[in-house]
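Q: Just passing along the structure, written as structure tokens.
In UniProt numbering, the protein residues as written are 1 to 218.
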């Protein structure tokens with residue numbers, strides 16, 4: 001998850017992303033690698049970071065620069081069959097438009113037919129007309145996992161407090177100020193970071209529509 005000094009990043013099917021960096025594919029410093037020439041073979045694919053009904057997100061390394069990215073692989077056959085094309089197009093447009101430190105960066109997208117990808121983990125799979133989106137890799141995970149992790153530790157601390165009959169804990173309970181998972185200070189910090197990101201999104205006339213702990217990354 002995010003450290004106490006690192007802003008949280010929002011990510012979802014209806015928002016993210018932004019600018020490029022010097023190590024990113026298709027950045028100004030790597031103009032020889034054109035969008036038209038970009039293929040899955042330019043990446044070494046690793047573990048699955050997450051998946052939905054028509055997409056999987058992989059941890060991938062760009063071979064040319066050894067930079068790490070999150071690559072979203074979408075099944076275009078499913079997208080067309082279930083009439084999701086407008087949503088995917090909108091996602092791509094929004095991702096290209098936004099540029100903010102609290103929003104997951106978007107670097108490029110490309111489409112490939114009939115390419116076999118080899119995962120670093122265990123398997124090969126056939127890629128039949130998939131769409132790829134290359135994004136910033138958020139190594140810290142998602143907010144939901146962070147909440148559950150702290151909730152478990154808070155439960156242990158409460159149990160210890162009950163054993164020693166903490167007067168402070170009893171007073172806090174009486175005032176309704178006991179933290180359910182994260183401390184008030186931690187919640188305030190992440191909410192502030194989230195509000196900054198949402199204000200930026202709204203200033204660009206965009207509404208997230210799928211804001212939840214699963215879509216807040218670190």
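The beta carbon of each residue, even a glycine, is placed where N, CA and C say it ideally should be.
These numbers were taken from a predicted model, which means no experiment stands behind them.
1) Please check the pair residue 193 and residue 102, which I expect to be a contact at CB under 8 Å, by giving their CB distance rounded to whole angstroms.
2) Relative to the C-alpha of residue 217, which residue among 204, 135 and 206 is closest?
3) Give the single residue among 64, 79 and 45 whose Cα lies nearest to the Cα of residue 52.
4) Report the residue from 76, 185, 196 and 94 whose alpha carbon sits nearest the alpha carbon of residue 55.
5) Assuming contact is defined by CB atoms lying nearer than 7 Å, are residue 71 and residue 132 in contact in what I supplied?
6) So residue 110 packs on residue 38, CB below 8 Å; how close in whole Å?
7) Below 6 Å CB to CB, which residues in the same chain sit around residue 68 once its five sequence neighbours on both sides are set aside?
8) Look at residue 46 and residue 57 and say whether their C-beta atoms are less than 7 Å apart.
9) If we count the other Cβ atoms within 10 Å of its Cβ and call it buried at 16 or more, is residue 74 buried or exposed?
10) Quick one: residues in its chain with C-beta nearer than 8 Å to the C-beta of residue 42, no 5 flanking neighbours on either side, listed in chain order?
11) Where are the beta strand (DSSP E) runs, 3 residues long or more, that stay fully inside the stretch 60-96, in chain order?
12) On the CB-based measure, 16 or more other CB atoms within 10 Å of its CB, does residue 195 come out buried or exposed?
13) Any idea if residue 203 is buried or exposed, counting beta-carbon neighbours within 10 angstroms, 16 or more meaning buried?
14) What residues match up with residue 129 in a beta bridge as DSSP calls it?
15) Indicate whether residue 94 and residue 206 have their beta-carbon atoms separated by less than 7 Å.
16) Can you tell me where the beta strand (DSSP E) with residue 45 in it begins and where it stops?
A: Based on what the coordinates show:
1) 6 Å
2) When only C-alpha atoms are compared, the closest one is 135.
3) 79
4) Residue 55 has its Cα closest to that of 76, out of 76, 185, 196 and 94.
5) yes
6) About 4 Å; that satisfies the 8 Å criterion.
7) For residue 68, where only same-chain residues beyond five positions count, the Cβ hits under 6 Å are 61 and 137.
8) no
9) With 16 or more other Cβ atoms within 10 Å, it is buried.
10) 25, 33, 62, 63 and 64
11) 67-75
12) exposed
13) exposed
14) Bridge partners of residue 129: none, in fact.
15) yes
16) 43-51
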